[in-house]
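In UniProt numbering, the protein residues as written are 1 to 104.
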């Protein structure tokens with residue numbers, strides 16, 4: 001399968017999902033359970049993206065490097081209710097210092 005065929009299939013699937021979203025009855029979307037799930041979906045997707053990007057390296061191989069420690073420091077900062085910019089700076093500084101120390 002060529003890359004263009006894969007792109008066209010992905011575009012068709014995305015269009016179909018968007019169309020299906022318009023066809024969902026409004027009554028279904030106002031249920032409390034559905035509201036809770038749809039409110040949590042972006043958080044879950046972002047957490048999954050961060051987790052995968054943290055522990056995978058070249059070619060999809062699992063790796064433990066400075067990124068994992070940086071995310072750990074960021075999580076601790078979040079638990080202490082630090083402002084978001086402080087969380088980002090602490091995580092970046094942790095990764096930079098560990099890489100400077102030779103742990104890449």
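We treat Cβ as the ideally placed atom computed from N, Cα and C, and that holds for glycine. Remember, it's a predicted structure, so these values are computed and weren't measured experimentally.
Between residue 74 and residue 88, the gap from beta carbon to beta carbon is short of 9 Å. Within the DSSP bridge table, the entry for residue 56 names 62 as partners.
If you look at residue 24, you'll find it isn't in any alpha helix (DSSP H); DSSP assigns it neither H nor E.
Between the C-alpha atoms of residue 15 and residue 23 there is a straight-line separation of about 13 Å.
Taken through DSSP and simplified to helix, strand or coil, residue 67 comes out as helix.
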